[in-house]
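Written below as structure tokens is the structure these notes are about.
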Amino acid sequence: MDRWASTTAVVTGASAGIGAAVALALAHKGLDVVAAARREDKLKELKKKFESEKKKENKALIHPFVCDMSKQKDIESLMSFAKDLNGDGGIDILVNNAAILPTGTIAGVSMDKITECYMINVVGVIAATKLAAADMVAKKIKGHIIMINSISGHKTVTTGDLSKTSVYSSSKHALTELVENFRLEFNYTRANIRVTSISPGAVDTEMLRSVQYSGALPMLKPRDIADAVVYALSVPDTVNITEMTIQAVGEVL
């Protein structure tokens, strides 16, 4: 991770759960992190937590940025702030983590909720990735874009309450396709940008608790996913880990 020290990482959905864990992990590795989310109070708590934990020699900062990933103007403002954070340094890493999980059958979920889900889970990811990649290419940065996907993006989950996540699952299937398309397009254009999809199983987060998941199965912790992000970033820059699927021991999803 030494080569990433003092570089800039953008983490979306950073107010809690996986996003907060990733933001903390990267900041503790010496990266300046732009932590984006809708809940300003939670972002301030995240910044305070990092400041209380970090080592004296670590000059990294967490920069809270209020952003609604369903809104193009918010995403543009976020990326503009991040690319100018360290002068002409630009955006080195983007972690697309923001997502929502509307519950219910497809027939039962309102169209407003379905639209919001796709705007955040899919369209917002495309918008952020396009802007980050353009900055990386313009500044000849060997960048890395990480998508926090889901096991639901690879198969239909029908276990208990998780059978009511069809809209979310379909959005994550779209993300799985996008990841590979971005990777191939970057390679074809010699953009020198790595793309990694990390697909966790059940993780103990607010989002999973929102579907009243019983917790009878073992669950990962957000830190487990943050460790996977750090690992993907740590391999030599000639190596691209394209997909990581992570599940707790004993999970049967």
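Positions in the sequence shown are counted from 1; adding 48 to them yields our numbering.
Beta carbons: idealized from backbone N, C-alpha and C, even for Gly.
Just so it is clear, the structure is predicted and the values come from calculations on it, not from any experiment.
For residue i, the first and last residue of its enclosing beta strand (DSSP E)
| i | result |
| --- | --- |
| Arg242 | 242-248 |
| Thr60 | 56-60 |
| Leu142 | 141-144 |
| Val114 | 110-114 |
Local Cβ density within 10 Å of residue i, reported as buried at 16 or more and exposed below that
| i | result |
| --- | --- |
| Met159 | exposed |
| Lys131 | buried |
| Thr153 | exposed |
| Gly191 | buried |
| Gly201 | buried |
| Gly156 | exposed |
| Val283 | exposed |
| Val287 | exposed |
| Ser100 | exposed |
| Thr177 | buried |
| Leu142 | buried |
| Arg238 | exposed |
| Asp7 | Lying outside 49 to 301, the shown extent of the chain, residue 7 is not represented and no answer is given. |
| Asn229 | exposed |
| Ala181 | buried |
| Leu268 | buried |
| Lys104 | exposed |
| Leu281 | buried |
| Leu226 | buried |
| Leu91 | buried |
Residue span of the alpha helix (DSSP H) that contains residue i, given as start and end
| i | result |
| --- | --- |
| Asp89 | 88-101 |
| Ala130 | 120-131 |
| Lys107 | First-last for Lys107: undefined, no H or E at that position. |
| Asn134 | Premise fails: Asn134 is in no alpha helix (DSSP H) and is neither H nor E. |
| Glu299 | Run containing Glu299: none; DSSP gives neither H nor E here. |
| Ile314 | There is simply no residue 314 to check, as the chain begins at 49 and stops at 301 in what is shown. |
6 Å CB neighbourhood of residue i in its chain, flanking five on each side removed
| i | result |
| --- | --- |
| Ala222 | Val170 |
| Glu291 | Ser245 |
| Arg86 | Asp116 |
| Tyr216 | Leu149 |
| Met167 | Ser118 |
| Thr55 | Leu79, Asp140 |
| Leu179 | Met127 |
| His138 | The displayed chain sequence assigns Gly, not His, to residue 138. Within the same chain, Gly138 has close Cβ partners Lys131, Asp183, Lys187, Ile189. |
| Phe234 | Ile241 |
Beta-bridge pairing of residue i - partner residues as DSSP gives them
| i | result |
| --- | --- |
| Thr38 | An answer regarding residue 38 cannot be provided, because it is not within the stretch 49 to 301 covered by the chain. |
| Asp80 | Thr56 |
| Leu268 | Val251 |
| Gly152 | Thr213 |
| Ala85 | Val114 |
Neighbourhood of residue i by C-beta distance below 8 Å, restricted to the same chain and skipping five residues each side
| i | result |
| --- | --- |
| Val297 | Pro266 |
| Lys212 | Thr151, Gly152, Thr153, Val259 |
| Gly65 | Val251, Thr253, Glu254, Met255, Pro270 |
| Gln295 | Ile199, Pro248, Gly249, Ala250, Leu268, Leu301 |
Same chain, Cβ closer than 7 Å to residue i, five either side skipped, listed in chain order
| i | result |
| --- | --- |
| Ala69 | Pro270, Arg271, Ile273, Ala274 |
| Gln120 | Ala175 |
| Ala71 | Val59, Ala62, Val81, Ala83, Leu94, Ile110 |
| Phe129 | Val82, Phe113 |
| Glu299 | Gly249, Ala250, Leu265, Pro266 |
| Cys165 | Ile148, Pro150, Val215, Tyr216, Ser219 |
Let me know the beta strand (DSSP E) ranges lying completely inside the stretch 182-206, each 3 residues or longer, listed in chain order.
The qualifying runs are 192-196.
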